[in-house]
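Visitor: Below: one structure in structure tokens.
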Amino acid sequence: MPGGDGTLVKSITVDDKSVDYTVAGEQCVLVLGGIDQTKLHNGNVMCEAHSKVRTTTKFRARVLVFDIDVPITKGFPVDLHYQTVNEPAIISRLISIHSKSTGEVTKSKPRCLSKNQVALIEIKCERPICLELFKDSKSLGRITCRYGGSTVAAGMVIEIT
5 MPGGDGTLVK SITVDDKSVD YTVAGEQCVL VLGGIDQTKL HNGNVMCEAH SKVRTTTKFR
65 ARVLVFDIDV PITKGFPVDL HYQTVNEPAI ISRLISIHSK STGEVTKSKP RCLSKNQVAL
125 IEIKCERPIC LELFKDSKSL GRITCRYGGS TVAAGMVIEI T
């Protein structure tokens, strides 16, 4: 995924040992058959045909804003990092600001986000990406937002739209 192409897994290796299976988030080496190598890219996710990983261009995340110089506003461009993927994206909506200690909403529809704030935001990517909710898969549900070579925010995916 996200290409949706089928393939045959011929062998799986974890830590230089041949194994029968691997689990989500584990680093492994796969020998594949029946697929063109040009269709394989960083960020592709292997999954069973009957249990496909979700692909999306828009999702909501709860993030912690780090020490930044410029406030984050609607339309703010970021480089979205998750796993091995680096994808251009924009922060399309600022939904709410939350208390760090209780998690309660302290402000709805903020105009901007400044350092050390916890916020619920909507992110829109240019291309479809494979994501899962943090509660379902911790490894596929974590994101980092970078801007100008610095990490501006990090958090977890809470809704895929």
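For our numbering, count along the sequence shown from 1 and bump the result up by 4.
Even glycine gets a Cβ: it sits at the ideal position worked out from N, Cα and C.
1. What does a CB cutoff of less than 7 Å around R146 pick up in its chain, not counting 5 residues either side in sequence?
2. Can you look up M5 in the DSSP assignment and give me helix, strand or coil?
3. Since R58 and L135 should fall inside the 8 Å C-beta cutoff, what is the C-beta to C-beta distance between them, to a whole number of angstroms?
4. What first and last residue would you give for the beta strand (DSSP E) that runs through S103?
5. For I99 and K21, I'd like the C-alpha separation in whole angstroms.
6. Secondary structure at T61, three-state DSSP: helix, strand or coil?
Guide: So, to answer that:
1. Counting only Cβ-Cβ distances below 7 Å, and skipping sequence neighbours, we find Y86, F138 and M160.
2. Bear in mind that the predicted position of M5 carries a pLDDT of just 47, short of 50, making it unreliable; the figure below should be weighed with that in mind. It is coil, neither helix nor strand.
3. 6 Å
4. S103 -> no beta strand (DSSP E), and no H or E assigned at all.
5. 47 Å
6. strand
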